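Residues 0 to 115 in numbering that gives the first Met the number 0 are what the sequence shown spells out, letter by letter.
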Amino acid sequence: MFKFEYDRLCQAGRRDLAKKMDWPADRGEDHRGYDIRSFAPDNGEERLFEIKTTNRHARTRVWLSRNQVETAAHNPAAYRVRRIFDFSNGAEMFDIKPPLDVCLCSTPDKYVAVPR
């Protein structure tokens, strides 16, 4: 996905932005709440991509952490969930912009429980 974004910016004539991209998830920095930092080619605005990939259809469930949901809420202009699906058959994708609850039906899957 990083190479796809890099190539997309270069093809748009924005090699300057492509060189500024960052892939913290590749370094194990999952605490940031996103996988890739990129930019919009037209205006250079920051984009924070959380990548969710499956081999099945577009409506296949994916999991978002609390940190990812909070990062999206705190960065609504920049954040995108990039949904890649049908990966084994050539892949298709679309982006989901915050507020995430407008486009996603989410259900709590786990709770933190501490004895009283």
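Idealized CB from N, CA, C, for every residue including glycine. Note that the coordinates shown come from a computational prediction; the quantities given were computed from them, not determined experimentally.
Unbroken beta strand (DSSP E) stretches of 3 residues or longer found wholly inside the stretch 33-59: 35-38 and 45-52, given in chain order. The secondary-structure analysis by DSSP pairs residue 0 with nothing; it has no beta-bridge partner. Taken in chain order, the complete beta strand (DSSP E) segments of 3 or more residues contained in the stretch 53-104 are 78-84 and 91-95. In the three-state scheme derived from DSSP, where H, G and I count as helix and E and B as strand, residue 21 is classed as strand. In this model, residue 7 and residue 47 are separated by some 15 Å (Cα to Cα). In the three-state DSSP reduction, residue 15 falls in the helix class (H, G or I).
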